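What follows is a set of notes on a single structure, which appears directly below.
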Amino acid sequence: MISYIIRRILFMIPTLFGIMVLNFAIVQAAPGGPVEKMVASLTDITGSDATSRISGAGGSDFAAKGDIKVGDMASSYRGARGLDPEIIARIEKMYGFDKPPLERFIQMMGNYLTLDFGESFFRNERVVDLVLRTLPVTISLGLWTTLLVYLISIPLGIRKAVKEGSRFDLVSSWIIIIGYAIPSFLFAILLIILFAGGGYVQWFPLKGLTSDNWQELSTFAKIGDYFWHIALPVTAMVISGFASLTMLTKNCFLEEISKQYVLTARAKGLSENQVLYGHVFRNAMLIVIAGFPGAVLRILFTSALLIEIIFSLNGLGLLGYEAVINRDYPIMFGTLFIFTLLGLITSLIGDLIYMFVDPRIDFERRDV
């Protein structure tokens, strides 16, 4: 098993590098980078005012006029007509675009090896600090959503397997299909309309994770205020997230129930619950349990994205969305690196959980 873990870890390096190369190339080819964004905002500003604004945005000293090299690409920026080429060169230097793309990529990956993800272009804060500040919000949503999804899906999936073909199975299947077909952000909008002052009642707050006077509340009041704020976001994520896990649980149980050892257990006189939870449960739950780390990661970094935007929750999803809008490359690539690394590690953890649940699996004979 140790050799398998080492191979998987070594395999993560080229995978992570390849993902970063691909995304770096795509972003470089996309129009509207940070330099163009700054140039566009300065098209109506000239002279010392533009220089002052650049210095304020970058927060750093620039080279003297004689040291600045104005590249041929300066005039290629949209909206750059009439803007002093020296100012464009300063903007390029401020964002590091005075260097070739390959050099910038090598420098970026070198910094990432020391966990230096740089500083945000437009927030003037370290990317690590921004991630650490917003990560608890995303984790909070993801953990509660995952917990509720599993608490709902597993009993429901078992019940559907036992009652296959019954009216309960049919009705619940229709509910699951509806939940699977409608995206979580549409449920979120519907919940806002119905319960957050969007046209009917206002039982829940519209944004934020806590109230403005949260620090003044007692301990129990703080807990209640917290759950009051996450009720709608978590509900929207759970509704759209339990469908696939429910059907997976049902299919796993149906497959196990039809096997010979179940018929043997029943022939010995065991009750249905003893057969179901004493014999079938462990084998049927292998895939479900092994997929737990991946499910957490998907909920954290996919489902939470639009939910955070809709409910104005200051999490990683909202941070990433604002970074894309503002072309804040340090945040974009820094979070991509972190998410990809977490995804690869989570995949490995899922395999290890699979092994502990089912000792029959031999990792030494598996390929990467």
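Count along the sequence shown starting at 1, add 1034, and that's the number in the numbering used here. Don't be surprised by glycine CBs; every beta carbon is placed ideally from N, CA and C. Keep in mind the model is a prediction, meaning the values are calculated, not measured.
The criterion of a C-beta distance shorter than 8 Å is satisfied by P1364 and G1152.
Note that the C-beta distance between P1267 and I1383 is not below 8 Å.
DSSP places R1332 in the helix class (H, G or I) of the three-state scheme. Note that the C-beta distance between F1229 and F1238 is below 8 Å. Going by beta carbons, K1256 and W1248 fall inside the 8 Å limit.
I1333 and T1179 have their C-alpha atoms roughly 8 Å apart. Taking the Cα positions, L1225 is about 14 Å away from G1213. Between M1389 and M1035, the CB-CB gap stays under 8 Å.
Out of K1197, A1299 and S1274, the CA that lies nearest to the CA of F1219 is found in S1274.
DSSP lists A1230 as the bridge partner or partners of Q1236. Contact annotation: I1291 and A1195 have beta-carbon atoms nearer than 8 Å.
Of all alpha-carbon atoms in V1171, T1168, T1148 and S1187, the one lying nearest the alpha-carbon of F1287 is that of S1187. F1326 has its alpha-carbon roughly 49 Å from the corresponding atom of R1124. The continuous alpha helix (DSSP H) containing K1256 extends over residues T1253 to I1291. Between L1169 and L1350 a beta carbon distance of about 6 Å is seen, short of the 8 Å cut, so the two are scored as contacting.
A residue is called buried when at least 16 other Cβ atoms come within 10 angstroms of its Cβ; I1372 meets this threshold and is buried. An exposed status is given to S1305, since fewer than 16 other beta-carbon atoms sit within 10 Å of its beta-carbon. Here R1361 is near G1067, since their CB atoms are less than 8 Å apart. For F1156, there is no enclosing alpha helix (DSSP H), as DSSP marks it with neither H nor E. Closest in alpha carbon position to F1345, among R1138, V1061 and I1264, is I1264.
Relative to L1243, the option among L1204, V1171 and A1215 whose CA is nearest is V1171.
In this structure, the beta-carbon distance from I1323 to I1227 does not fall below 8 Å.
In this structure, the alpha-carbon of V1073 lies about 15 Å from that of G1130. Distance between T1369 and E1250, taken at the CA atoms: about 34 Å. Distance from the CA of P1048 to the CA of D1385, rounded to the nearest whole angstrom, comes to 20 Å.
Here the alpha carbons of L1331 and V1183 stand approximately 14 Å from one another.
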